[in-house]
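Quick note: the sequence shown, position 301, residue 294 per the working numbering, numbers continuous.
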Amino acid sequence: MKFEDLLTDINGFGRFQAMIICIGFVGRFTLPCHFLLTNFIAAIPSHHCDISHLDADGIFGNLTREERLTVSIPAQEDGTPASCHMFSYPQFHLLSNSSSTADLPVVQCQNGWEYDNSTFISTLATQWNLVCDSRGLNKAVATIFFVGVMFGAVFFGGLSDRFGRKPMLLVSYVLGMVFAVASVFSSSFIMFAVLRFFTGFTITGIIIISSVLNVEWVDIQHRRLVCVIDSIAWACGSTSLSLFGFCVRDWRWLTVAVTSPLLLCTILWWWLPESARWLIVNGKTQKAHYYLHICAVMNRREKVFSRIQPETLSSMLTTDTEKRNHSYLDLIRTPKMRKLALLTGTIWFCVATTTYGISLNITGFGLNMYLTHFVYGVIEIPAKLSIYFLLEKIGRRKKEAGALLFVGISLMINIFIPKDQWVGRTVVAVLGKGFAVASFATIILYSSELYPTVLRQNGLGYNSFLGRLGVALSPLVLLLDSIWGYLPQITLCSVALFGSLVAWQLPETQGRCLPETIEDIEGTGKKLIKDYEKQEGAEQIMINQK
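Here it is as structure tokens:
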């Protein structure tokens, strides 16, 4: 008997699996809130130089606020006060003569800035005056966070393969919450940036560990459903962030608000099981038998499981007795693993670059930032629901390659649509984003099925590292418009089409057993195909009998 057969016998998608998925849902709900948090906490409100020091001797007299701004700050083309400059001394003649101010002497703001607090009570920009020459530091916050995510993916991927899924998930919950809450007490921008880096570093473990844990506890038929549920959790979190941001206008309390679900996750963690696959592969059959027994009891299949003894579990999964502790080097030691790592890493980079490149470049809704963010999140839900039906109809490889192909086509179409036709450009861009998020959700499930159990977390950690590298580079791609207006679109289009070609080189995993060891990946092709065919035939007979 194989592990998949045992999992089917005790119900591979019963109440036990529902509990795991619900606990994971709460954690994954928090992730997009932190990934996109800088859209709100790093926003720059309208501002102008603080001119209060000019009235130290009461020279403004009874002038209104508008008149004081007129004589103190040059006006921009739209008539609003300049953000970063002021007159070197008051120009009272402007009250009676609206002549050009271009030749008047100006200096940079001498005494700080005044901010428009109608939208935000407080942001990073208002807290540490990250405007004008320091404006780029606001964008640096997102980059610093994603660099932390990038390295955290490697860290948690490797350690969860060595020490188990459950303990490292707790580490991610607790440290992510601690660093996020600690950041709101930052006394300087440097301190905040460092804590934000460690927030990204620790919180990324939730992504790769919860996804793998879900896949390893469900049967083959329900993997795609788990993939969709994980994706919907992300979409719900992204959509809810706009509601959090609308209700909480202070950056400190907003950070606390979006981090608070991790406290619930830490409590629910005690009901979370360790991966039985990981326990068996690492020789911990007694513990695996314990969790499988709980699964059988919760799913009301205890009688079926009563004949299974801990000693028999070791024969269900092929264990690697020579190498218990695997590392990232195992991804490149053997030829087929090396090829798999190269292909999946390339696809993750392409998917992440195009997804975030499109997300940062969609314009034309004409809505305020909260409603726009809400619409962006809602758009993801139908795109990800389509995965549930398409993964079964056309498989993982065609779905991934096809989604990336349509992303490239959408970007290509937008190149030829005139920029003044914003409605058409927005519709095409939204469709492109829908295909992009669908490809992102698919590659997460696809990768977890391609890598063997002994390297699954290492594989996802490595892939997530390259994906976050693409996320970090996507804003730089958009800066290419200073060279040529269409260059960002052409670059993202090329990356998407290249990713589609690479996806076609991967093997299909639909209906296949999860590989357990490196030998399963490196096995001879003909024998492996025959084993798969026999397994699929047996599974089909069981389905027909049911």
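Each residue gets a CB set at the ideal place from its N, CA and C atoms; glycine is no exception.
Every value quoted in this text rests on a predicted model; they were computed, and no experiment measured them.
- DSSP places E59 in the helix class (H, G or I) of the three-state scheme.
- Per the DSSP secondary-structure output, Y108 pairs in a beta bridge with H40.
- Of all alpha-carbon atoms in Q498, F28, R158, Y82, the one lying nearest the alpha-carbon of V100 is that of Y82.
- In chain order, L30, I34, A173, V174, S176, V177 place their CB closer than 8 Å to the CB of T248, counting only its own chain and leaving out the 5 sequence neighbours on each side.
- Here the alpha carbons of A465 and I137 stand approximately 9 Å from one another.
- The shortest C-alpha to C-alpha distance from F139 to any of C125, T192, N110 is the one to T192.
- Three or more beta-carbon pairs separated by less than 8 Å are not found between the segment 154 to 172 and the segment 220 to 227, which leaves the two stretches without contact.
- Look at P508 here: in three-state DSSP terms it is coil, with no helix or strand label.
- Here L404 has G425, Q482, L485, C486, A489 as same chain residues with Cβ atoms under 7 Å from its own Cβ, once five neighbours each way along the sequence are excluded.
- By the Cβ test, the segment 418 to 435 is in contact with the segment 393 to 410, since at least three Cβ pairs between them sit closer than 8 Å.
- For D323, the number of other beta carbons within 10 angstroms of its own is at least 16, and it is reported as buried.
- By the neighbour-count criterion, in which 16 or more other beta carbons inside 10 Å mark a residue as buried, H27 falls on the buried side.
- Shown here, F6 sits in coil according to DSSP, grouped into three states, outside any helix or strand.
- For L459, same chain residues with a beta-carbon under 7 Å away, outside a window of 5 residues either side, are G338, W341, F342 in chain order.
- Per DSSP, the unbroken alpha helix (DSSP H) holding Q279 starts and ends at 278 to 291.
- For H78, the enclosing beta strand (DSSP E) begins and ends at 78 to 80.
- Spatial neighbours of L152 in its own chain (CB-CB distance under 6 Å, excluding positions within 5 residues in sequence) are listed in chain order as M161.
- Under DSSP, Q101 shares a beta bridge with H78.
- With 16 or more other Cβ atoms from the protein chains shown falling within 10 Å of its own Cβ, W271 counts as buried.
- Shown here for N4: same chain residues with a beta carbon closer than 7 Å to its own, the five before and five after excluded, namely N292, R294 in chain order.
- Boundaries of the alpha helix (DSSP H) around D323: 323 to 326.
- At the C-beta level, G417 and I410 come within 8 Å of one another.
- If one requires a minimum length of 4 residues, the alpha helix (DSSP H) runs lying completely within the segment 162 to 200 are 182 to 196, in chain order.
- Secondary structure note for A146: its alpha helix (DSSP H) is the uninterrupted segment 129 to 156.
- Between the segment 105 to 120 and the segment 437 to 453 there are fewer than three inter-stretch CB-CB distances shorter than 8 Å, so the stretches are not counted as touching.
- With contacts defined as CB atoms closer than 8 Å, R449 and V134 fail to qualify as a contacting pair.
- Out of Q414, P25, A36, the CA that lies nearest to the CA of L117 is found in A36.
- Under DSSP, the beta-bridge partners assigned to D243 are S115.
- A Cβ-Cβ separation of about 25 Å leaves A226 out of contact with R390 under the 8 Å criterion.
- Fewer than three Cβ pairs drawn from the segment 54 to 74 and the segment 256 to 265 lie within less than 8 Å of each other, which leaves the two stretches out of contact.
- For Y479, there is no enclosing alpha helix (DSSP H), as DSSP marks it with neither H nor E.
- Between I66 and H41 the beta-carbon gap is near 6 Å, inside 8 Å, which marks them as a contact.
- The beta-carbon separation of D2 and V297, rounded to 5 Å, stays under the 8 Å limit for a contact.
- Per DSSP, the beta-bridge partners of A68 are P74.
- Secondary structure of L378 (DSSP, three-state): helix.
- Put simply, of C258, G452, S233, C229 the residue whose alpha carbon is nearest the alpha carbon of R331 is G452.
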